[in-house]
Structure formats: structure tokens, C-alpha cells
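Note that numbering that gives the first Met the number 0 has the sequence shown beginning at 0, numbered continuously upward. Glycine included, every Cβ here is placed at the ideal spot set by N, Cα and C. Owing to the predicted nature of the structure, the values given are computational and were not obtained by experimental measurement. Below is one structure; the comments refer to it alone.
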Amino acid sequence: MSEASSAIEVCIAGTGSYVPEKVLTNDELSKIVDTTDEWIFSRTGIKERRIAAEGEFTSHMATKAAERALEQAGLAASDIELIIVATITPDTFTPATACYVQQNLGAHRAVAFDISAACSGFLYAMKLSKRLISDGAFKNALIIGAEKLSAFVNWEDRATCVLFGDGAGAAVLRRAEPGEGSIIATEMGTDGNLTHLLNIPGGGSACPITPANAGLHLATLAMQGKEVFKHAVNRMKEAAEKVIERAGLQAEDIACVIPHQANLRIIDAIADRLTVPN
0 MSEASSAIEV CIAGTGSYVP EKVLTNDELS KIVDTTDEWI FSRTGIKERR
50 IAAEGEFTSH MATKAAERAL EQAGLAASDI ELIIVATITP DTFTPATACY
100 VQQNLGAHRA VAFDISAACS GFLYAMKLSK RLISDGAFKN ALIIGAEKLS
150 AFVNWEDRAT CVLFGDGAGA AVLRRAEPGE GSIIATEMGT DGNLTHLLNI
200 PGGGSACPIT PANAGLHLAT LAMQGKEVFK HAVNRMKEAA EKVIERAGLQ
250 AEDIACVIPH QANLRIIDAI ADRLTVPN
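As C-alpha cells, then:
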């Protein structure tokens with residue numbers, strides 16, 4: 000039974016992913032910024048990240064992940080009724096990156112739009128599309144999380160540049176058949192009081208990029224790492240506990256937890272705090 004006891008259950012019919020070919024290792028990063036492989040790995044668990052090629056945009060990566068998800072789902076692009084791209088690194092401010100993906104796929108029947116929710120964006124897209132399918136507005140949806148964060152990283156800031164890379168993941172959601180597994184429960188939340196902890200301060204209407212400030216790295220990621228860590232661990236623990244309760248389950252019923260993978264220390268801290276069996 001779904002979280003809203005809806006007559007229309009929703010399942011994940013297929014998934015796909017894509018990462019660029021170019022690999023940037025920690026050793027290579029140490030030639031760009033004052034860091035070492037040991038420093039990065041001991042603090043993040045990261046050995047390498049993928050970097051999009053010149054001329055490879057968020058929409059290109061999103062399209063490739065989408066094609067693989069469609070193939071696994073056994074659907075043609077022309078079957079898709081809704082496309083949601085979750086990204087903070089769109090090809091352009093307008094039109095939406097989802098519009099480019101629609102064009103690339105030839106999914107001309109699909110309603111297409113973007114949402115911007117950073118690390119949690121894919122889950123927001125899943126929640127939204129699930130609700131729209133459950134309500135009968137659409138029979139299926141293609142949701143994609145895609146980022147070209149290498150274009151918005153300050154490569155002189157070792158606190159942030161070591162963490163981020165490029166890639167895309169996609170899933171096809173559709174109405175579930177009787178007896179088929181479905182999405183049971185989701186949990187979302189927002190705390191606007193913490194917007195200062197991780198942001199890209201420039202490039203929007205509040206701080207347009209001009210010739211006078213173009214060299215100040217205002218259009219790159221800025222982060223207060225220790226505070227982000229603390230809140231990420233606490234909020235992810237809270238969300239996990241709430242969604243387990245919403246699903247009518249106990250922690251010991253959970254066989255596998257797949258957390259956000261920005262940082263190994265965050266994952267380890269969450270594992271220590273959750274009562275889910277190892």
C-alpha cells in the first residue's frame with residue numbers, strides 16, 4: 000500500500016546512469032590545488048571524480064542516463080508523458096534542461112520542466128512524479144538527476160573542489176501492475192534558515208555576474224563544511240527514521256540503506272546513528 004493509500008500504485012520500472020569518460024584523480028588534483036591523495040581520501044573517502052568533456056553539458060549527460068533507463072523499462076521515448084530534471088547546473092537559465100532532454104530523446108508528448116533542490120533534487124522529482132501518477136495525471140514519468148558541477152567549482156578551494164564531479168542518473172516511474180512492487184513511502188523537508196551553509200552566491204538576480212565581480216568566484220560553490228556535515232547527518236537520520244515509520248516498518252526490517260554519497264564520513268556517521276542492522 001502506498002503512503003496515501005492511493006488506488007494507483009507507482010513503481011520504478013527502469014534506471015540508468017552516465018558518467019563522463021574523463022577521470023580526475025586525487026593525485027592529479029594535488030597538482031592543481033594544495034592537497035594530497037591521503038588528505039582527500041582520509042576526509043572524504045573519494046579517490047577520483049568524473050569531469051565532463053568540453054562541449055558536454057548537463058542535458059547531454061541527462062539524455063544518456065535517460066536512454067538507459069528507458070531501455071531497461073522497455074519503453075520508447077514517445078511513450079513518456081512527463082520529464083523532470085533535477086539540477087542546479089542547467090544548460091541555460093531558460094529554457095529548462097528538461098526541454099533539451101525532451102528534444103534529444105524525441106519525447107515530444109512529454110511535459111518537461113526542471114526542479115532545483117541540489118543534493119536532494121532527485122528525491123523531490125520522485126516524490127512529485129509519484130504523486131502526479133498516483134493522481135491519474137500521467138501514466139509514467141522520466142526523472143533525472145544531473146549535474147555538471149565542474150563548471151561551478153572554484154578549483155583554488157580545496158575544501159570544495161575535491162568533493163564534486165559530473166554525471167547523471169535517471170529512473171522511469173509508471174503505474175504498477177497488481178501484485179507488483181511499488182514505492183511505499185517518502186519523506187521530504189526544508190530548512191531555509193540554513194541557505195548560507197552551501198550555496199552559489201553569484202549568477203542570480205540577487206548578484207548578477209558583471210565585469211567588476213567576474214574574478215571573485217561568486218558563481219562557484221561556497222560551503223561551510225563542518226556545519227553542513229553536522230546538519231546533513233542529523234537531518235538524514237531524522238528523514239530515515241520518519242520514512243521507516245511512515246512505511247509502517249521497523250528499523251530491523253530494512254535490508255539495505257543507500258545514502259547520499261557526498262562524503263564517506265557522513266555515511267559512516269549516519270550508519271552509527273541509525274538502528275538499521277549493518
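Between L148 and T189, how many whole angstroms is the CB-CB distance? I'm expecting something under 8 angstroms.
In fact, because the Cβ distance is near 21 angstroms, the residues do not count as touching under 8 angstroms.
Count the other CB atoms, across all protein chains shown, that sit within 10 Å of the CB of R108; report buried if there are 16 or more and exposed otherwise.
Looking at its Cβ environment, which holds fewer than 16 other Cβ atoms inside 10 Å, R108 is exposed.
Mind checking who K146 pairs with in its DSSP beta bridge?
Strictly speaking, residue 146 in this sequence is Glu, with Lys absent from that position. Answer is G166.
Express the C-alpha separation of I142 and F92 in angstroms, rounding to a whole number.
C-alpha separation (whole angstroms): 19 angstroms.
Look at the Cβ atom of M60, then the Cβ atom of Y17, and state whether they are nearer than 8 angstroms.
The answer is yes: Cβ separation under 8 angstroms.
What residue range does the beta strand (DSSP E) around G247 cover?
Taken as a continuous stretch (DSSP letters only), G247 belongs to no beta strand (DSSP E), as it is neither H nor E.
If we ignore side chains and look at the alpha-carbon of each, how far apart do A254 and A205 end up?
About 45 angstroms.
Excluding sequence positions up to five away, which residues of its chain have a Cβ less than 6 angstroms from the Cβ of S5?
In this prediction, S5 scores a pLDDT of 48, lower than 50, which makes its location untrustworthy; no coordinate-derived value is stated.
Helix, strand or coil, according to DSSP, for F112 in the structure here?
Strand.
Could you pull the start and end residues of the beta strand (DSSP E) that E47 belongs to?
Here the beta strand (DSSP E) through E47 covers E47 to I50.
State the start and end residues of the unbroken beta strand (DSSP E) segment that holds K63.
Segment T57 to A72 is the alpha helix (DSSP H) holding K63; no beta strand (DSSP E) there.
Any contact between the stretch 67-85 and the stretch 100-119? By contact I mean 3 or more CB pairs, one from each, below 8 angstroms.
Yes, they touch.
State the CB to CB distance for the pair N192 and A221, rounded to an integer number of angstroms; the pair is presumed to be in contact (CB under 8 angstroms).
Actually they do not touch by this definition, with Cβ atoms about 17 angstroms apart.
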